[in-house]
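Below: one structure, written as structure tokens.
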């Protein structure tokens with residue numbers, strides 16, 4: 001229900017972009033974002049954006065990554081600049097659908113590999 005694209009292999013200092021679209025059947029998405037998981041590590045938050053357009057970034061990507069979203073189209077993109085080898089990971093798109101003021105459902109896309117060579 002979440003379809004991600006982008007990623008690939010790039011040298012350190014280079015740029016890559018990721019895109020994700022949620023199916024039209026997923027309504028009332030209030031947050032979309034990207035997480036990543038490096039080998040041997042836990043999945044971690046990279047960046048999120050609310051339906052109101054408010055972004056949030058993990059400290060290590062601030063100033064290098066830019067997240068953008070199109071609420072009506074249920075899409076989210078991540079532009080990654082000045083990539084570092086430590087950014088190497090599988091990146092996952094995530095959407096949070098509000099069911100009630102206190103309940104939400106989470107959707108995950110299949111991961112896409114980002115590899116940054118030194």
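Residue numbers (our numbering): 1 to 118. Beta carbons are placed, not taken as given, at the ideal position from N, Cα and C, and that holds for glycine.
Setting aside the 5 residues that flank it on each side, residue 82 is surrounded in the same chain by 13 and 64, each with a C-beta closer than 7 Å to its C-beta; the list follows chain order. For residue 85, the three-state secondary structure derived from DSSP is helix. When 6, 118 and 111 are compared, the shortest CA-CA separation from residue 44 is found for 111. Only residues of its own chain outside the window of five on either side were considered, and among them 1 have a CB closer than 8 Å to the CB of residue 25, listed in chain order.
Contact check for residue 67 and residue 47: beta-carbon distance about 4 Å, within the 8 Å limit, so the pair qualifies. Here residue 90 really is in contact with residue 37; their C-beta atoms are around 5 Å apart, less than 8 Å.
Each residue's CA atom was taken as its position, placing residue 4 and residue 17 some 11 Å apart. Comparing C-alpha distances from residue 69 to each of 58, 34, 79 and 53 shows the shortest one belongs to 53. Less than 8 Å divides the Cβ of residue 51 from the Cβ of residue 71.
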